[in-house]
Amino acid sequence: MSVGHTLLGLLEKGPRHGYDLKRAYDERFGHDRPLHYGQVYSTLSRLLRNGLVQVDGTEAGGGPERKRYAITDAGVTDVDEWLGTPEKPELYLQNTLYAKVVLALMSGRGAQGVLDTQRAEHLRLMRVLTRRKAEGDLAEQLVCDHALFHLEADLRWLELTAARLDELREAGA
Numbered sequence: 001m002s003v004g005h006t007l008l009g010l011l012e013k014g015p016r017h018g019y020d021l022k023r024a025y026d027e028r029f030g031h032d033r034p035l036h037y038g039q040v041y042s043t044l045s046r047l048l049r050n051g052l053v054q055v056d057g058t059e060a061g062g063g064p065e066r067k068r069y070a071i072t073d074a075g076v077t078d079v080d081e082w083l084g085t086p087e088k089p090e091l092y093l094q095n096t097l098y099a100k101v102v103l104a105l106m107s108g109r110g111a112q113g114v115l116d117t118q119r120a121e122h123l124r125l126m127r128v129l130t131r132r133k134a135e136g137d138l139a140e141q142l143v144c145d146h147a148l149f150h151l152e153a154d155l156r157w158l159e160l161t162a163a164r165l166d167e168l169r170e171a172g173a
C-alpha cells in the first residue's frame, strides 16, 4: 500500500496533524501493520517537499509546535491518478509454500504433512478473520473478505496439490 497516497486521501477530508493522520490510518488500514510516527512524519515531509501537501497552520502544545497539513490541488490530482491506476495482480508463482512442497517431494519427506500443517494454519486464520469480520464495520468486513478470499484460493491450491502428490512424486517434482 502506498502510505503517501493513503495519507493524501485522508487529507482530502480536511487538514490534520500528523498524529491525527496516524490514528486515522491505523484505524482504517493499519490493523495488522500500524504506522510508526517516524514514517508518518517522513512521508509528510516528502509530500510537502513535492508540493502535494502544505502546512495549513501550527499550534503550540506541550512540546514542539504541531503542524496541521492540508492537501494541495497537485495532491488531489496525484490521488486521482493513483486511484485510476490498476494495481498489478499478485501472481504468487514462486512462494514459500510452493517451495516447501517441492523440496519435501524432492527430498523424500512427507509433502502431505506440509500441506496438512498449512491447511490447519489457513483454517485457523480464516476463523480469526471470520470473527473479526462479524464484529467489524463495513470497511473491516471488506478487508476481511479480501483476505478470506485469498485464503480460500490457497486452500483450493492445497487440495489440488494434495490430490496430485503421487503424480508429482512420479514426475520427480
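First residue of the sequence shown? That's 1 in full-length UniProt numbering, and the numbers climb one at a time after it. Even glycine gets a Cβ: it sits at the ideal position worked out from N, Cα and C.
Output the boundary residues of the alpha helix (DSSP H) element that contains residue i.
i    : result
D116 : A111 to E135
L160 : L138 to A163
G4   : V3 to L11
Y98  : T96 to S107
Where does the unbroken beta strand (DSSP E) through residue i begin, and where does it stop?
i   : result
Y25 : First-last for Y25: G18 to R28, but that is the alpha helix (DSSP H), not the beta strand (DSSP E).
Taking all protein chains shown into account, do 16 or more other C-beta atoms lie within 10 angstroms of the C-beta of residue i, making it buried, or fewer, making it exposed?
i    : result
Y69  : buried
D80  : exposed
A171 : exposed
G9   : buried
K22  : buried
Q112 : exposed
D73  : exposed
H17  : buried
G14  : exposed
Within 8 Å (strictly less), CB to CB, does residue i reach chain B?
i    : result
A134 : Any reference to chain B falls outside this structure, which holds one protein chain only.
Could you check how far apart the C-beta atoms of residue i and residue j are, in whole angstroms? I think they sit under 8 Å.
i    : j    : result
L52  : G75  : 4 Å
T6   : Y19  : No, T6 and Y19 are not in contact; Cβ-Cβ is about 16 Å, not under 8 Å.
R66  : T58  : 6 Å
A162 : L105 : With a Cβ gap of about 12 Å, A162 and L105 do not count as contacting.
Q39  : V3   : 7 Å
Margin query: So, does the region 42 to 62 touch the region 88 to 103, judging by three or more C-beta pairs under 8 Å?
Written below: no
- Message: Extract the residue ranges of the beta strand (DSSP E) inside the region 29 to 74, only unbroken runs of 3 or more that lie entirely within it.
- Response: 53 to 59 and 66 to 71
Give a yes or no on contact between the region 144 to 153 and the region 119 to 135, applying the rule of three or more CB pairs nearer than 8 Å.
yes
Review point. Per the contact definition of three or more C-beta pairs closer than 8 Å, is the region 76 to 88 in contact with the region 97 to 106?
Key: no
* Asked: How about the region 153 to 163 and the region 130 to 144: do they share at least three Cβ pairs that are nearer than 8 Å?
  -> no
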